[in-house]
Amino acid sequence: MSFVLGVVFGIAFGLAIIVAFVKSENARSKQRTDLASGIAEFARMTVEDSRKIFTPEQYPSWVVFSNQQKLAWLNSHLEKIWPYVDEAASELVKSSVEPILEQYRPVILASLKFSKFTLGTVAPQFTGISIIEDGSEGITMELEMQWDGNPSIILDIMTYVGVALPVQVKNIGFTGIFRLIFRPLVDEFPCFGAVCYSLRQKKKLDFTLKVIGGDMTAIPGLSDAIEGTIRDAVEDSITWPVRKVIPILPGDYSDLELKPTGVLEVKLVQAKELTNKDLIGKSDPFAVLYVRPLRDRMKKSKIINNDLNPIWNEHFEFVVEDPLTQHLVVKIYDDEGLQSAELIGCAHICLNELEPGKVKDIWLKLVKDLEIQRDQKNRGQVHLELLYCPNGMNNGLSNPFSQNESMTSLERVLKNSAEGKESSPNGSEINNRREVIVRGVLSVTVVSADDLPPADIGGKADPYVVLIMKKAQIKNKTRVVNESLNPVWNQTFDFVVEDGLHDMLMLEVWDHDTFGKDFMGKCILTLTRVLMEGEYKDMYELAEAKSGKLNLHLKWNPQPIYRDYQ
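Residues in the sequence shown are numbered consecutively from 1, following the UniProt record's numbering.
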């Protein structure tokens, strides 16, 4: 009996295993069929379909949707005609670049000229083309180019001590985007009057320098000086917004040439929480600012020793040629004395984000590289005040940094006062340059504070505010409000300010104790906004504090004075 039961159970168990296996295989087969069907559907998807399904944040960083079209046909034809292009273009490039090299020639060199210049046998490759819809009356086209060429470029360098050095430029690697502008459009063949070309974006420019029959290190600093000269020449000769205009039809095309469109006023206020680059002590930060990376247009701040929260309060001025595409770059370095400075971080802001005639107060996060967007490390922040003034701006707002403002109330009545002109005895006009010293009375009302951090054991604080004019070192303080994290003071203080453009107001919040005091936070204000607006109220967050805001009312009563100097 036991044997029969064992056989029955064995058969039933075996059949159950077979049925389960068949069902499992059928299910897996159906999953594979569904998966294959889904993959086939994805294969038929277009880029537009995928954009409807997924958000940009769901794509990995290496996925890039490009509007560019491939140019295999152009590269094929370019390779065929490249020997003729080399012969025709080499002399043209040589004659165009030599004057710019001479302009940026290092002071240690007596002359810097080409003795040989050919573009080599390797043609550049155009990797994409796109049409830019910018609303202008013309056609704007951008071509992305990559060139790992084998040119033969030799520079004849003569030093002041009579040493001649033939320097070869080799191993050139270049990647960039060229912009072509066909404008204006006309009803005469070829349907456009002129062509403008420019290097819109320089993604990579690498090369090496070698002295033929000698050592590049024979003259200290020579290699860096020549490399900087070449890069400046490229930047100043063809990099956007510089553009070269080639007339196709007779006409006046001066409006296509590079012209200044305005002035960017930058106040470098401060930085905070900078990364420490020194093993002993703290970094010695300074800033380099530029709109175009040319040596004569780059501005450098003073060095603040041993401070990770430096305060500069320095003013710089930059010429702007194209506010729609140019941007301001700020790089913070740690000064290393005789050694090269070490980069702490950098940031930039596009000028098209600025409203003309209005001051923009902004904190920019520092990153390691402007090309890397996903830098999560905290390298600190930099505080800027920006004011873009287009040429001919007439919107009721004045530029407080301008040296052409009217001198006094009486001079405002005079016709030429705003231009700083005087009449000589013979009736001719004399232009005097004047230094503007913005003097006046600053009234500061400390209204209240909100959400201050607790400083006492009982979860309260006894706060008061210390007001300091940084340049004049004039101090005042409010009364103490006992046991409050949301104190109300409503106290007004007047400061006589001798130089409003370069002074700062510092407000420190302290907790009063019987045997001392505890720091609760601070905020630092420049006077630019109150100079522009005359009066305003605003709430400011406390720095170096977990929480807290100060409610302030500022008013400016100007008493300007001016100094004439040659």
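Where is the CB? At the ideal position from N, CA and C, for every residue including glycine.
Contact between the stretch 462-476 and the stretch 490-498 is established, with three or more Cβ pairs separated by less than 8 Å. Proximity of the stretch 276-295 to the stretch 230-246 meets the contact definition, three or more beta-carbon pairs being nearer than 8 Å.
Going by C-alpha positions, Leu542 is about 14 Å away from Asp511. The beta carbon of Lys475 sits closer than 6 Å to those of Ile468, all from its chain and outside the five residues before and after it, given in chain order. Less than 9 Å separates the beta-carbon of Gln381 from that of Ala271. Annotation: Tyr104 to Thr528 spans about 36 Å, alpha carbon to alpha carbon.
Cα atoms of Ala88 and Ser96: separation of roughly 13 Å, rounded to the nearest angstrom.
If you look at Ala233, you'll find it in the alpha helix (DSSP H) that goes 222-237. Uninterrupted beta strand (DSSP E) stretches at least 3 residues long and entirely within the stretch 262-309 occur at 262-272, 285-290, given in chain order. Within the same chain, Ser448 come within 6 Å of Val488 by CB-CB distance, once the 5 residues on both sides are set aside.
For the pair Leu324 and Lys358, the CB atoms are not nearer than the 9 Å cut-off. The Cβ-Cβ distance between Ile332 and Leu274 falls below 9 Å. Counting of Cβ neighbours within 10 angstroms places Met520 among the buried residues, the total reaching 16 or more.
DSSP, reduced to helix, strand and coil, places Gly516 within a strand of the structure shown. Counting C-beta atoms within 10 angstroms of its own C-beta, Thr514 has fewer than 16 neighbours from the protein chains shown and is therefore classed as exposed. Here Val22 carries a helix assignment [DSSP, helix/strand/coil]. CA-to-CA, the gap between Leu71 and Leu143 works out to about 9 Å.
Beta-bridge partners assigned by DSSP to Phe189: none are found.
Of the residues assessed, Val22 falls on the exposed side of the cut-off, its CB having fewer than 16 other CB atoms within 10 angstroms. Residue state for Arg28 is assigned as helix, using DSSP reduced to three classes. Taking C-beta separations shorter than 6 Å and ignoring five residues to either side along the sequence, the partners of Pro310 in its chain run Ala271, Pro285, Ile304, following chain order.
In the DSSP assignment, His77 falls within the unbroken alpha helix (DSSP H) covering 72-103. Between Asp450 and Asn482, the gap from beta carbon to beta carbon reaches 9 Å or more.
The alpha-carbon separation between Lys30 and Phe42 amounts to approximately 18 Å. The way I'd put it, the stretch 243-255 doesn't touch the stretch 135-142; fewer than three beta-carbon pairs between them come closer than 8 Å.
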